[in-house]
DNA sequence: CGTCTTTATGTACGCGCGTACATTTTCTCA
DNA sequence: TGAGAAAATGTACGCGCGTACATAAAGACG
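Protein chains in written order, with this note's numbering: chain A, 1 to 342; chain B, 1001 to 1342.
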């Protein structure tokens, strides 16, 4: 390579990285030679020399539990991260959270130089996870959580306005004339479950309604857990006229469950889900939902991380906390007219 | 590290890789020292020294087009690949097919040592793609296609019995008494589209039915393309009593389209989709579908690739071609009784 | 106990880049 | 045209492992 272009290895390196100054003619000579030999520098050696992996890790939940989350959630976020990473010339390393040893795992990903930055998806509050994240922060690593907030920790986060989204959804139901609104929430280990609950309560309160504790149900974000709640809801159907679910999958599971119990199509309670995943418009009636801009959240997480990485000379301690707005998508399931008469 | 354990660097390396012979006492001394110092060898240096990246690349379609495929498809396959890779100690590098320059891209991934093996998803027959794959084969690379077959090329492939699945689905419809079965297929660039078409034709033929060319429609696997076909189907509704779609998303789009046109719920034609994605049981009526074992396909692809990688000393030229069975999942949409009366 | 074999450990070097520094070439302006 | 500055290129070395080979320690056996 260096021979063919009649220059030193160093010059080759400079040309290919566009570093330092060089004569245009030399530059061309090197580029031509590279083309002739179909030469490309070894990413491995380059990464080793610079001690940068050139890739950004994305932590996904422990594999068997991946299905607890909607595939929509991951695919949107991953696409967002992927599109931004590509612009920065980084690759995506997919990492599944190990069953044990999370504590060392996160930290060692950096220590062994497997990743230059980390994006954590599906994180939930538990002592070990928290400690692992704190350690990353102490070590000055570049990492970011998506769709999860840890209070007072100062982690970098990209989140959405779950409380507000929830508030608007419930308000919409109230404005449609519903008063007895059941709420099926996800696990409290997720900050957005807690926020959605808060939004639900605030909406009721602001409109002079009481929270009926017996109308609060708990699922795990899976469709089946929504399905499992159906009998409980059915038992109180006379005191319920609308349902608000903490995600679409539970909403749909619940809808199916109620229908299987035998509630006729046009007597289903009004219903709103959360996430506005692609399945929301597949059901009959189509499901109103609170849209969360997952794709954009992925983009922002990657962008902030990578741009900080680029000028890593600066003090690393500045973190970012971004909250993107949600948007209520009104469909048939929450409207008095269409959904009921058809 | 070496000092603390009072051994040479070489011994440390041997202990951590469990290579060569060593005294048990020394071994412990090294392990203890490693624990004390929280030492882990740099993956980067190790990869460089062995010139192996330790990760396996997964090619996904050009990003904006990812949504053409069902997220179910990717998430299942990725999970399968991921679970097997983890067992082999490999990581997953997510790679989006570039818009241009595919030809060099694939090959250079190996040349620059970014990946040790490649799994290509969403591949479709086009001259450049084919040439890029041929080049990989010439270079003796370890790679594998999932859910796509190239005739007579001798690529490693993990596929499913699409023809048979299609045959069984159509046969089922015929046995339910349907005779005029429209078929909405995906693009012919995908081998499984062609196979599904073949299965459809064979089933009709075996049961003494003619193929009515005016009942063949074409979509692009997206829900909208199914939706777009609805008016065309509607125009011939008197000559159609059942619909077979080449994937679930088109089936559901079609179903929605027909309903929007005003076909009452209980007069929808019978319908069967393909893939058996999670959305098949979300619709009303629930959608019969041909199940494709994507997760297992991902596992097998990774397993075969990685086990060959392990004993890479052998001649690399042996390829594998695996076909997994599909399974017809019968639900409401294809049954005379339930779906029609309810 | 001495020699030969086996086992355990140390030494030295290369993997293929990036880059600080040394050196050469080219340019500038008197 | 020559000295000094700027631009272009070359030289040398390190990044942190794995590993072939050399060497030392431990066993085997007569």
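For every residue, glycine included, the Cβ atom is placed at its ideal position computed from N, Cα and C.
None of these values were measured; they are calculated from a predicted model.
Note down, in chain order, every chain A residue with its Cβ under 7 Å from the Cβ of residue i.
i                       : result
residue 1082 of chain B : 63, 94 and 96
residue 1045 of chain B : 48
residue 1074 of chain B : 75
residue 1042 of chain B : 112 and 113
residue 1252 of chain B : 282
In its own chain, which residues sit with a C-beta less than 6 Å from the C-beta of residue i, not counting the 5 before and 5 after it?
i                       : result
residue 1095 of chain B : 1057 and 1059
residue 161 of chain A  : 323, 325 and 326
residue 13 of chain A   : none
residue 339 of chain A  : Note that residue 339 of chain A scores 40 on pLDDT, short of 50, meaning its location in the model is unreliable and no value can be drawn from it.
residue 76 of chain A   : 294 and 295
residue 32 of chain A   : none
For residue i, which of helix, strand or coil comes out of DSSP?
i                       : result
residue 60 of chain A   : strand
residue 73 of chain A   : helix
residue 281 of chain A  : helix
residue 236 of chain A  : coil
residue 271 of chain A  : strand
residue 1 of chain A    : coil
residue 340 of chain A  : For residue 340 of chain A, the pLDDT reaches just 42, beneath the cut-off of 50, and the residue's location in the model is therefore unreliable, although a value from the coordinates is still provided. Helix at residue 340 of chain A.
residue 291 of chain A  : strand
residue 1055 of chain B : strand
residue 950 of chain B  : This structure leaves residue 950 of chain B out entirely; chain B is present only between 1001 and 1342.
residue 1329 of chain B : strand
residue 1334 of chain B : helix
residue 65 of chain A   : helix
If you follow the beta strand (DSSP E) that residue i is in, where does it begin and where does it stop?
i                       : result
residue 1248 of chain B : Counting along the chain, residue 1248 of chain B falls outside any beta strand (DSSP E), though it belongs to the alpha helix (DSSP H) covering 1248 to 1261.
residue 1241 of chain B : Neither: residue 1241 of chain B is in no beta strand (DSSP E) and is coded neither H nor E.
residue 1146 of chain B : 1143 to 1146
residue 1117 of chain B : 1117 to 1120
residue 948 of chain B  : Coverage of chain B is limited to positions 1001 through 1342, which leaves residue 948 of chain B absent and any answer about it impossible.
So which residues on chain B does residue i lean against when the C-beta distance must stay under 7 Å?
i                      : result
residue 6 of chain A   : Near residue 6 of chain A there are no residues of chain B at all, since even the closest Cβ is about 23 Å away, more than 7 Å.
residue 171 of chain A : Result: empty, since nearest Cβ-Cβ is about 27 Å, beyond 7 Å.
residue 279 of chain A : 1279 and 1282
residue 71 of chain A  : 1071, 1072 and 1075
Within a Cβ cutoff of 8 Å, which residues of the same chain sit near residue i, ignoring the five residues on either side of it in sequence?
i                       : result
residue 1173 of chain B : 1181, 1242, 1244, 1270, 1272 and 1334
residue 1037 of chain B : 1001 and 1004
residue 1237 of chain B : 1263 and 1269
residue 128 of chain A  : 102 and 103
residue 1222 of chain B : 1067, 1068, 1249, 1250 and 1253
residue 1063 of chain B : 1096
Give the range of the alpha helix (DSSP H) segment to which residue i is assigned.
i                       : result
residue 1015 of chain B : 1009 to 1017
residue 1032 of chain B : 1024 to 1037
residue 124 of chain A  : Looking at the DSSP string, residue 124 of chain A is not in any alpha helix (DSSP H), and its letter there is neither H nor E.
residue 1043 of chain B : 1043 to 1050
Within the same chain, show all residues whose beta-carbon is closer than 7 Å to that of residue i, passing over the 5 residues directly before and after it, in chain order.
i                       : result
residue 291 of chain A  : 276, 326, 327 and 329
residue 1122 of chain B : 1060, 1061 and 1069
residue 1193 of chain B : 1185, 1186, 1187 and 1246
residue 90 of chain A   : 54, 55, 56 and 306
Report the neighbours of residue i on chain A: residues whose CB is nearer than 9 Å to its CB, in chain order.
i                       : result
residue 1086 of chain B : 63, 96 and 98
Kindly list, in the order they appear in chain A, the residues whose Cβ is closer than 8 Å to that of residue i.
i                       : result
residue 1108 of chain B : 40
residue 1188 of chain B : What residue 1188 of chain B touches in chain A: nothing, since even the nearest Cβ is about 26 Å away.
Residues of chain B with a CB under 9 Å from the CB of residue i: which are they?
i                      : result
residue 53 of chain A  : 1043 and 1044
residue 101 of chain A : Result: empty, since nearest Cβ-Cβ is about 12 Å, beyond 9 Å.
So which residues on chain B does residue i lean against when the C-beta distance must stay under 8 Å?
i                     : result
residue 66 of chain A : 1075 and 1079
residue 91 of chain A : 1093, 1094, 1095 and 1114
message: Which runs of the alpha helix (DSSP H) at least 4 residues long sit entirely within the region 1298 to 1327 of chain B? Give them in chain order.
response: Here no run is fully enclosed.
Q | Contiguous beta strand (DSSP E) assignments of at least 3 residues, all confined to the region 1154 to 1226 of chain B | A | The qualifying runs are 1157 to 1160, 1181 to 1185 and 1216 to 1218.
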